[in-house]
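J.: Protein chains in written order, with the working numbering: chain A, 11 to 236; chain B, 11 to 236.
Backbone N, C-alpha and C define an ideal beta-carbon position, used for all residues, glycine too.
2 protein chains.
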Amino acid sequence: MRVLLVEDSVHLRQPVAKALKASGFAVDATGDGAEAWQMAQDHDYDVIVLDIMLPGLDGREVLKRLRASGRDTPVLFLTAKDAVEDRVAGLRLGADDYLVKSFAIEELIARVEALGRRKYEKRSPKLTMADLELDQSAKTVRRGGCDVELAPQLFALLEYLLLRKGQVVSRTEIEEHIYDEQVSPMSNVVDTAVCALRRAIAVSDDCVPLIHTRRGMGYVIEEPTR
Amino acid sequence: MRVLLVEDSVHLRQPVAKALKASGFAVDATGDGAEAWQMAQDHDYDVIVLDIMLPGLDGREVLKRLRASGRDTPVLFLTAKDAVEDRVAGLRLGADDYLVKSFAIEELIARVEALGRRKYEKRSPKLTMADLELDQSAKTVRRGGCDVELAPQLFALLEYLLLRKGQVVSRTEIEEHIYDEQVSPMSNVVDTAVCALRRAIAVSDDCVPLIHTRRGMGYVIEEPTR
DNA sequence: AGTGCTTGTCACAAATTGATATCAATAGAT
DNA sequence: ATCTATTGATATCAATTTGTGACAAGCACT
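1. Could you tell me the distance, in whole angstroms, from the CA atom of A39(B) to the CA atom of L67(B)?
2. Classify Y55(A) as helix, strand or coil using the three-state DSSP reduction.
3. Counting only C-beta atoms, is G104(B) closer than 9 Å to chain A at any point?
4. Could you tell me whether any Cβ in chain A is nearer than 9 Å to the Cβ of S147(B)?
5. Three or more beta-carbon pairs under 8 Å between the region 72 to 79 of chain B and the region 42 to 60 of chain B, yes or no?
6. According to DSSP, T150(A) sits in a beta bridge with which residue or residues?
7. Cβ of T83(B) within 9 Å of Cβ of R133(A)?
8. When DSSP builds the beta bridges, which residues end up paired with F87(A)?
9. Is it the case that the region 211 to 231 of chain A contacts the region 174 to 187 of chain A, given that we only count it when at least three CB pairs across the two stretches are under 8 Å?
10. Short of 7 Å Cβ to Cβ, which residues in the region 65 to 82 of chain B face chain A?
11. Does the distance from the C-beta atom of L109(B) to that of I211(B) stay below 9 Å?
12. Under the three-state reduction of DSSP, which class applies to R12(A): helix, strand or coil?
13. Does any residue of chain B bring its CB to less than 9 Å from the CB of K111(A)?
14. I want to verify the contact list: residues of chain B whose CB lies under 7 Å from the CB of D107(A), in sequence order.
15. Using DSSP's beta-bridge definition, name the partner residues of M139(B).
16. Expressed to the nearest angstrom, what Euclidean distance is found between the alpha-carbon atoms of A114(B) and A32(A)?
17. Counting only beta-carbon atoms, is G126(A) nearer than 9 Å to chain B?
18. Does the CB of P25(B) have a neighbour CB from chain A at under 9 Å?
19. Relative to the C-alpha of A36(A), which residue among Y55(A), R152(A) and C217(A) is closest?
20. Does DSSP put C217(A) in a helix, in a strand, or in coil?
21. Could you name the residues of the same chain whose beta carbon sits closer than 6 Å to that of Q51(A), not counting the 5 residues immediately before and after it, in chain order?
22. With H, G and I counted as helix, E and B as strand and the rest as coil, what does DSSP make of Y229(A)?
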């Protein structure tokens with residue numbers, strides 16, 4: 011999942027970005043409203059964390075433009091004040107959630123996770139398919155009763171595939187959701203990651219393969235009905 | 011929109027129910043956890059507002075059961091205390107939002123509306139014809155409940171034919187849409203592709219042919235009405 | 001109407017091209 | 001120091017292309 015973090019105070023932005031990354035998100039961060047708007051146009055983020063008070067463009071304005079351009083990316087507002095009318099106004103503008111500053115970082119994480127899930131219409135933090143089970147909040151994976159340890163990136167990949175199970179996911183889409191900005195173009199990171207993930211979730215010899223290749227299109231994770 | 015309100019304190023339940031009704035929601039209210047669970051099973055609510063502290067079943071427990079039974083109804087938690095770990099736990103259980111008691115009623119309304127709206131905003135683009143179904147974004151095709159795997163070019167061809175269903179499409183048009191620019195003039199790529207596509211979507215022996223040739227003109231994809 | 005000619009269409013197989021899997025080595029992070 | 005991520009090279013595999021022959025439909029001429 012890829013998150014855009016917009017917050018002008020470096021003292022807040024840095025630790026938050028770090029914590030989000032530690033939770034397995036790909037994070038792009040900026041402190042400038044106009045730049046944020048630009049980035050949001052360039053990429054379809056899974057969640058946007060948006061400070062209201064910003065240099066350049068105001069957070070509200072960024073949200074307004076975003077909605078006007080038809081994007082329905084979940085947005086979490088960061089508000090300095092606790093005034094009710096502010097929150098209500100934010101929600102009516104199309105924000106999905108807000109936090110009052112002085113929040114605990116773990117709470118922000120939990121909310122960003124919840125919003126991310128919502129984008130894919132999943133309401134439970136557990137993703138399953140056949141004998142495979144992934145718990146988004148506990149960050150654990152089991153296959154047929156066997157615990158599987160996945161490196162963060164592989165976990166993120168599996169999570170993304172599961173969120174879109176049954177759908178063919180292109181390399182580009184994977185790249186954009188799993189990795190943040192610095193991705194070198196002509197690289198086979200995705201291939202390699204898929205290869206590693208396949209091996210990792212093949213817990214026993216008689217394991218049905220779940221991740222299928224659609225040549226020229228991408229990958230699908232699908233029930234082995236066939 | 012139908013809302014289930016679960017809150018044991020009558021002093022809170024009554025005015026909230028009234029306000030929700032005034033905003034145009036159909037409201038069912040109860041103060042008992044077990045009863046709430048029962049009601050949630052009987053009816054597929056658009057939003058559930060759930061107090062954590064409840065007689066009978068605990069709010070958390072209700073949510074857990076709800077998710078376990080596969081319901082993905084949006085849930086808004088009402089928490090008495092402002093303890094961070096409580097909120098985090100709730101969100102991790104699959105709640106979509108929460109409010110700390112002492113909230114303003116208009117804020118609750120705004121949030122319930124936001125949650126309810128979401129449910130009806132999703133749709134994946136699908137092209138269909140007879141028992142054939144093509145999902146453009148998932149890049150999947152089904153024929154009469156059977157998954158069909160199509161190579162990229164065949165997929166593109168079928169997509170194009172479906173976009174122009176009922177119309178006769180010339181070879182040249184197909185060439186121009188499916189193949190970028192350069193195709194050697196005297197080539198039968200299109201014929202070959204159509205042939206392959208016909209075979210691919212003939213999933214069973216008693217399949218009506220959908221792609222018809224118009225001699226000297228091109229191809230049409232049409233309902234077998236005739 | 002029937003016969004043969006012509007042209008458009010279909011189906012197959014072989015060849016080409018291009019995409020993908022996997023490995024091993026390096027760079028980076030914890 | 002160990003684990004993880006990234007890269008590039010290579011072997012493998014599958015989709016697409018191309019060429020060929022058979023086939024069917026339309027046409028003209030008898």
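T.: Let's see:
1. Sequence index remark: in the second sequence, residue 39(B) carries index 29 (1-based). Sequence index remark: in the second sequence, residue 67(B) carries index 57 (1-based). A39(B) and L67(B) have their C-alpha atoms spaced approximately 15 Å apart.
2. Taking the first residue of the first sequence as position 1, residue 55(A) is located at position 45. Y55(A): coil per DSSP, three-state reduction.
3. Here residue 104(B) refers to the residue found at position 94 of the second sequence. G104(B) counts as touching chain A.
4. The residue labelled residue 147(B) in the question sits at position 137 within the second sequence. With 9 Å as the cut-off, S147(B) counts as an interface residue toward chain A.
5. Counting Cβ pairs under 8 Å, three or more are found: they touch.
6. Working through the first sequence from its first residue, we reach residue 150(A) at position 140. According to DSSP, which records beta bridges pairwise, T150(A) is partnered with D145(A).
7. Reading the second sequence from its first residue, position 73 is the one you call residue 83(B). Reading the first sequence from its first residue, position 123 is the one you call residue 133(A). Going by beta carbons, T83(B) and R133(A) fall inside the 9 Å limit.
8. Here residue 87(A) corresponds to residue number 77 of the first sequence, with the count starting at 1. Answer is L60(A) and Y108(A), bridged to F87(A).
9. Touching, yes.
10. For the region 65 to 82 of chain B, the set of positions with a beta-carbon nearer than 7 Å to some beta-carbon of chain A reads R77 and D82 in chain order.
11. One-based indexing of the second sequence puts residue 109(B) at position 99. One-based indexing of the second sequence puts residue 211(B) at position 201. No, Cβ-Cβ distance for L109(B) and I211(B) is not below 9 Å.
12. Translated into the one-based positions of the first sequence, residue 12(A) becomes position 2. In the structure shown, R12(A) sits in a strand (DSSP, three-state: E or B).
13. Against the first sequence, residue 111(A) aligns to sequence position 101. Chain B contact via Cβ: absent.
14. Reading the first sequence from its first residue, position 97 is the one you call residue 107(A). Ordered by position in chain B, the residues that pass the 7 Å Cβ test against D107(A) are D107.
15. The residue given as residue 139(B) occupies position 129 in the second sequence. Residue pairing for M139(B): DSSP places it in a beta bridge opposite L142(B).
16. As a position in the second sequence, residue 114(B) is number 104, starting the count at 1. As a position in the first sequence, residue 32(A) is number 22, starting the count at 1. Between A114(B) and A32(A), the alpha-carbon positions lie close to 35 Å from each other.
17. Here residue 126(A) refers to the residue found at position 116 when the first sequence is read from its first residue. Using a CB distance cut-off of 9 Å, G126(A) does not count as an interface residue toward chain B.
18. Position 15 of the second sequence, counted from the start, is the residue given in the question as residue 25(B). By the rule that beta-carbons nearer than 9 Å mark a contact, P25(B) does not touch chain A.
19. Along the first sequence, one-based indexing puts residue 36(A) at 26. Closest by alpha carbon: Y55(A).
20. For the purposes of this step, residue 217(A) is taken as the residue at position 207 of the first sequence. Coil at C217(A), not helix or strand.
21. Within the first sequence, residue 51(A) is the residue found at index 41, counting from 1. Counting only Cβ-Cβ distances below 6 Å, and skipping sequence neighbours, we find nothing.
22. Working through the first sequence from its first residue, we reach residue 229(A) at position 219. Y229(A) falls in the strand class under three-state DSSP.
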